[in-house]
Amino acid sequence: MASPAQKLPVGWAAEDNQHQRYLFIETATGATQWDPPASQDGPNVQNTPPVAEPSVHHGKRRQYAAGQTQVYYGGGEAAPDLAYPAPGLQPQAVPGAQLFTPGLVGENQFATQQTHPPPGQSGYYNQAESEYINAPSFGQPPPPYGQAPVDALAGQFGQMGVGGQKQFHLYTTNLLTSPPEPRDLQRPPPEIRLPPNSCISPSPFANAHPSYQRCTLNAIPTTSSLLTKAKIPLALVITPYRSLKEGDEAVPVVTDTVIARCRRCRTYINPYVQFLEGGNRWRCCMCNMTNEVPQLFDWDQVRNQPGDRWSRAELNHSVVEFVAPTEYMVRPPQPAVYIFLIDVSNSAVQSGMVATATRTILENLDRIPDEDGRTKVAIICFDVSLYFFSLPVGSTDSNMLVVSDIDDVFLPKPTDLLVNLAESRASLETLLGRINDMFQENSIIGSALGPALQAGFKLMSPIGGKIVVLSSTLPSVGPGALKNREDPKILGTAKESGLLQAAVPFYKTFAIDCSRAQVSVDMFLFSAAYQDVATLACLPHYTSGQTYYYPAFNAGRTEDAIKFAHEFGEVLAMPIMLEAVMRVRASRGLRMSSFHGNFFVRSTDLLAMPAVPQDQSYAIEIQIEEQINTPFVVMQTAVLHTTCYGERRIRVITLALPTTTILSEVFASADQVAIATLLANKAVERSLTHKLEDSREYVFQKLVEILIAYKTSMTSGGAGASAQLAISENLKMLPVLVLGLLKNVGIRQSAQIPPDIRAYSQALLTSLPSQILIPYIYPTFYALHNMPPEAGTIGENGVILPPALPLTSERLERHGLFLIEDGQTIFLWVGRDAVPQLVQDVFDLPSYDVLRGGKTTLRPLSNPFSERVNAVIQKIREMRRGIYYPHLYIVKEDGEPPLRLWALSALIQDRADVLPSYQQFISSLKDKVITT
902 MASPAQKLPV
912 GWAAEDNQHQ
922 RYLFIETATG
932 ATQWDPPASQ
942 DGPNVQNTPP
952 VAEPSVHHGK
962 RRQYAAGQTQ
972 VYYGGGEAAP
982 DLAYPAPGLQ
992 PQAVPGAQLF
1002 TPGLVGENQF
1012 ATQQTHPPPG
1022 QSGYYNQAES
1032 EYINAPSFGQ
1042 PPPPYGQAPV
1052 DALAGQFGQM
1062 GVGGQKQFHL
1072 YTTNLLTSPP
1082 EPRDLQRPPP
1092 EIRLPPNSCI
1102 SPSPFANAHP
1112 SYQRCTLNAI
1122 PTTSSLLTKA
1132 KIPLALVITP
1142 YRSLKEGDEA
1152 VPVVTDTVIA
1162 RCRRCRTYIN
1172 PYVQFLEGGN
1182 RWRCCMCNMT
1192 NEVPQLFDWD
1202 QVRNQPGDRW
1212 SRAELNHSVV
1222 EFVAPTEYMV
1232 RPPQPAVYIF
1242 LIDVSNSAVQ
1252 SGMVATATRT
1262 ILENLDRIPD
1272 EDGRTKVAII
1282 CFDVSLYFFS
1292 LPVGSTDSNM
1302 LVVSDIDDVF
1312 LPKPTDLLVN
1322 LAESRASLET
1332 LLGRINDMFQ
1342 ENSIIGSALG
1352 PALQAGFKLM
1362 SPIGGKIVVL
1372 SSTLPSVGPG
1382 ALKNREDPKI
1392 LGTAKESGLL
1402 QAAVPFYKTF
1412 AIDCSRAQVS
1422 VDMFLFSAAY
1432 QDVATLACLP
1442 HYTSGQTYYY
1452 PAFNAGRTED
1462 AIKFAHEFGE
1472 VLAMPIMLEA
1482 VMRVRASRGL
1492 RMSSFHGNFF
1502 VRSTDLLAMP
1512 AVPQDQSYAI
1522 EIQIEEQINT
1532 PFVVMQTAVL
1542 HTTCYGERRI
1552 RVITLALPTT
1562 TILSEVFASA
1572 DQVAIATLLA
1582 NKAVERSLTH
1592 KLEDSREYVF
1602 QKLVEILIAY
1612 KTSMTSGGAG
1622 ASAQLAISEN
1632 LKMLPVLVLG
1642 LLKNVGIRQS
1652 AQIPPDIRAY
1662 SQALLTSLPS
1672 QILIPYIYPT
1682 FYALHNMPPE
1692 AGTIGENGVI
1702 LPPALPLTSE
1712 RLERHGLFLI
1722 EDGQTIFLWV
1732 GRDAVPQLVQ
1742 DVFDLPSYDV
1752 LRGGKTTLRP
1762 LSNPFSERVN
1772 AVIQKIREMR
1782 RGIYYPHLYI
1792 VKEDGEPPLR
1802 LWALSALIQD
1812 RADVLPSYQQ
1822 FISSLKDKVI
1832 TT
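Number 1168 in this note's numbering belongs to position 267 of the sequence shown; there are no gaps in the numbering.
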């Protein structure tokens, strides 16, 4: 059959892979997707021919700019030009795995190791979204109610068997001979293959994008016994308020307040319902209840004329927002409220935290959400006393009111403490410019954080909003006082998990009170000594806030000030969902059983989130309670919230997945990224209720169970011994992701990790979205000294990144310059034999010997190589969602041992102390699989 290359829009290529179907590649960025891309002028789907299956034999392919890679295990065909040539490593090709898989015949019997498509060049997950095409409402007559356009469906399901659902094909790989390839994490998750006529819309947006909602399985077992047999956990990973990057499709908003919901299960109408009785009724896709279509559903209220039903956003988009009518409001929408609690003790002032924080607030006043002019702010400073500030309207002065009685906190004045941002702007600006000078000579070292929180709560609780805490000292007086419980003797022992649990109940109890009053708390922590992050992080955890930690912060170091100012400024500018509640509904037979993330479970399945920040992720486990008899299931997340500009809305995210009775399809549909995200949440939860060793054992054992289930059911070896360690192709990166999780500082076996660092890492593991979490447990590794000529230059979608390398020190070269990053930290590794020209071009220094390691800011120099290196670093800092601004460290090969070991610990495929290498880890897995 003909190649689809001639039918693709400009800038796209089609490449056949070992799955014997085409993967479509955007040549400028390397972004990949299974579905054919839409052309820029919106081609008609009906006229798009089915994609031809690739032949088994094919010639050498063209190497695109974004996809040139160094030859590694047969993964590349052209070596890049060397900018700074020197003798380097010559990796050898490794033969592909060839395992027998029952049920597969002919040419698909063996999985072959073919060249993979180039990785995406814009981060772990930045899959290009297709342009919306071929909606029947745009210039076409709508189809009869109850069915989608036949031609459109024919195009949409062009690769199916005759009249049937596309089948999942299982491809087996041998982990013993198939090393991890970083570019595999750039691939989209397994394709969702819904049966024909399941969707009433041909829109490419009819199913949820994985960055909003993804499932650990893209084919749901029909019975609990089948799921148990696979041993793969069933769960959703949800990021309901994902930030939008340039080029992302905005979430459509339904503004007419006409909301169609099922009378029985309260599901929102979506692209997977069916219309009946001439379009007057619709059948729910979850419980099969028939409901009346609202009278104004087909009425265009803007033009005051009959509307086109098929153009409604909720029938074409899986992610949609409804403007809520009054019946969805318990009270009028609240304004956005921010109360800043600023530590002004001696250490806070001397570290420069107070000056940097107040300057950042001042510089970002215009970025704080205030579209409706109702935003309110207040500032409370604290050491062992509380300092309130009265900000009269129309004045440029402020008055400080001191409360020394911290055992019975009260508000010293009923008005002018919480003020309208616009009306009191002048006095607020004056105050922010003076606070640091007011406390410059403060010698008090104690902290009354608990009373300050109580004061902020009293001020905010009638309305709700966000309390932003900036603290540099361990709370020492009043309610919530803490003691330094750091004990190096118990680090690495069974008692260490006690340091990760809250020391006192005050903060959890206070957080629950905040949740009831729609108050969220963000914590910015700066202490150079022990600050008990584990206890203080309870506040953001139960109030849907976030913890930010800056150990040994010193604003005298430019890098520290820039990082904090950037991240704090982004938090201030971030639009937030206020007074939110979230519920996930699913088709009959499925039940949400466990919830992981920053929220408070108000009832069985209702999650209370006073303020939902962007790019915060949640994991929800699912149980199969009864046999599923439908060809597909639907899972729908609804978040009722108030926007930060005072509008009540419901954000609805709908995900439809096929069902299956075949175990091989369960394995073939598994999403390794979603599974790793769930395991990170489960591991942290287990470390808080058991021991750290138990959490590591749980993760390892879960992986062993999956491998045993696969070996027993899917390979010819069955329950007997085998010289191979088999797993499905789509799960082959799961072992290295688990290894990365086991080596992450959040749960790593070590007696050298400070409890504050470990607690902060655990806060990240349970809140980061998958796009940021995966690099955090599986860092990215680049060679810069010999990167391809186009790397570091501007492509169609921004800066082009070099190809990623395996995370092993075997790829380090003594003459080289390497970059390692995990989304939180960037290391520039400089080999001891780096040529003087490289050091001169990048660092403006004459030789390696005069180069100093440590935290730094890399200045762009007036030479092409420096510009490219700086462009790569800037791209890394900007490419992922989230507010984080990674520090940059220069690491010399023979430099300071602690810094060198820290950087090398990111190369997780190497052995480190008692932690195994990837090869040792795989061997231990094989032994477990054989002996269990």
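C-beta atoms are modelled at their ideal positions from N, C-alpha and C, and glycine is treated no differently. Predicted, not measured: the structure shown is a model, and the values here were computed from it.
If the criterion is Cβ atoms closer than 8 Å, does the pair residue i and residue j meet it?
i, j, result
"C1116", "D1572", "yes"
"V901", "K1277", "As displayed, the chain neither begins before 902 nor continues past 1833, which places residue 901 out of reach and without an answer."
"P1315", "R1275", "no"
"I1463", "G1357", "no"
"I1648", "G1724", "no"
"T1297", "A1323", "no"
Going by CA-CA distance only, name the one from the options that's closest to residue i.
i, options, result
"V1405", "V1420, R1386 and T1394", "R1386"
"Y1443", "Y1408, I1463 and Y1072", "Y1408"
"L1632", "L1332, P1747, T1074 and A1382", "T1074"
"L1197", "R1753, L1808, R1213 and D1085", "R1213"
"L1332", "S1305, A1279 and P1313", "A1279"
"I1364", "L1354, V1420 and P1313", "V1420"
"E1834", "E1779, L1127 and A1151", "Residue 1834 falls outside the range modelled here, since the chain spans only 902 to 1833, and no answer is possible."
"D1338", "W1730, V1250 and Y1749", "V1250"
"R1204", "A1735, Q1175, D1157 and V1731", "D1157"
"S1428", "P1737, I1658 and M1688", "I1658"
"S1570", "T1410, T1560, A1577 and F1728", "T1560"
"A1403", "T1590, A1512 and E1794", "T1590"
Nearest-angstrom Cα distance between residue i and residue j?
i, j, result
"N1217", "W1211", "8 Å"
"I1170", "V1482", "19 Å"
"P1195", "R1164", "12 Å"
"R1492", "I1525", "7 Å"
"H1070", "T1436", "48 Å"
"T1257", "L1242", "14 Å"
"G1381", "I1307", "11 Å"
"F1533", "V1567", "14 Å"
"A980", "L1685", "Residue placement at A980 is poorly supported in this model, since its pLDDT is 39, which falls under 50; the coordinates still yield a value, given next. If I take the Cα positions, the gap works out to 14 Å."
"S1372", "F1469", "13 Å"
"R1503", "L1137", "19 Å"
"R1753", "L1440", "40 Å"
"Q1528", "S1125", "7 Å"
"P1096", "Q1087", "27 Å"
"L1816", "L1580", "19 Å"
Tell me whether residue i is buried or exposed, calling it buried when 16 or more other Cβ atoms sit within 10 Å of its Cβ.
i, result
"I1346", "exposed"
"M1615", "buried"
"G1334", "exposed"
"K1390", "exposed"
"R1268", "exposed"
"A1509", "buried"
"V1751", "exposed"
"P1103", "buried"
"K1384", "exposed"
Helix, strand or coil, according to DSSP, for residue i in the structure here?
i, result
"D1745", "coil"
"Q1573", "helix"
"Y1449", "strand"
"N1205", "coil"
"K843", "Summary: the structure shown does not reach residue 843, with the chain confined to residues 902 through 1833, and so no result is reported for it."
"V1174", "coil"
"N1300", "strand"
"D1309", "coil"
"T1578", "helix"
"F1454", "coil"
"D1284", "coil"
"V1472", "helix"
With a threshold of 7 Å (Cβ to nearest heavy atom), would residue i be considered close to the ligand PLP?
i, result
"M1361", "The model depicted lacks the ligand PLP and carries no ligand whatsoever."
Say whether chain D places a C-beta atom closer than 8 Å to the C-beta of residue i.
i, result
"A1412", "The structure shown contains no chain D; it holds only a single protein chain."
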